[in-house]
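In the working numbering, the protein residues as written are 7 to 109.
Using N, Cα and C, we set each Cβ at its ideal position, and we do this for glycine too.
What you are looking at is a predicted structure, and each value in this text was computed from that prediction instead of being measured.
Have a look at the structure below, then the notes.
Here it is in structure tokens:
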């Protein structure tokens with residue numbers, strides 16, 4: 007399966023109100039260390055059924071890719087799902103990071 011498709015399938019599994027990091031998705035896809043490739047997959051995704059806004063940096067920071075029209079767009083999308091942020095605009099990863107069941 008193509009790497010991007012595998013990533014998109016994983017991102018579709020991230021529940022409402024949870025986030026994953028680029029690195030976490032790379033590991034889940036069997037490609038540890040490929041966080042940048044995951045970022046590329048998110049940047050080129052044009053499928054609105056894939057909740058790309060649920061993918062953040064390892065430290066919980068959001069990406070400016072969503073900010074073409076307005077700053078903190080990704081943060082607002084996540085807050086609408088109940089995700090909380092620290093005062094420095096980072097997702098509180100200890101509470102909101104997706105923990106998929108190992109199968």
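| Query | Result |
| --- | --- |
| Consult DSSP for residue 103 and reduce its assignment to one of helix, strand or coil. | strand |
| Please state the DSSP three-state secondary structure of residue 93. | coil |
| Under 7 Å Cβ to Cβ from residue 41, same chain only, skipping five residues before and after it: list those, please. | 28, 29, 32 |
| Would you mind reading off the limits of the alpha helix (DSSP H) that contains residue 12? | 9-19 |
| Do residue 22 and residue 110 count as a contact pair if the criterion is CB distance below 8 Å? | The chain is shown only over 7 to 109; residue 110 falls outside these bounds and no answer can be derived. |
| Who are the Cβ neighbours of residue 59 in its own chain at under 6 Å, not counting the five residues just before and after it? | 80, 83 |
| Grouping DSSP H, G and I as helix and E and B as strand, with all else coil, what is residue 70? | helix |
| Report the rounded CA-to-CA distance for residue 67 versus residue 85, giving the unit in angstroms. | 13 Å |
| Could you give the distance in angstroms between the alpha-carbon of residue 44 and the alpha-carbon of residue 75? | 23 Å |
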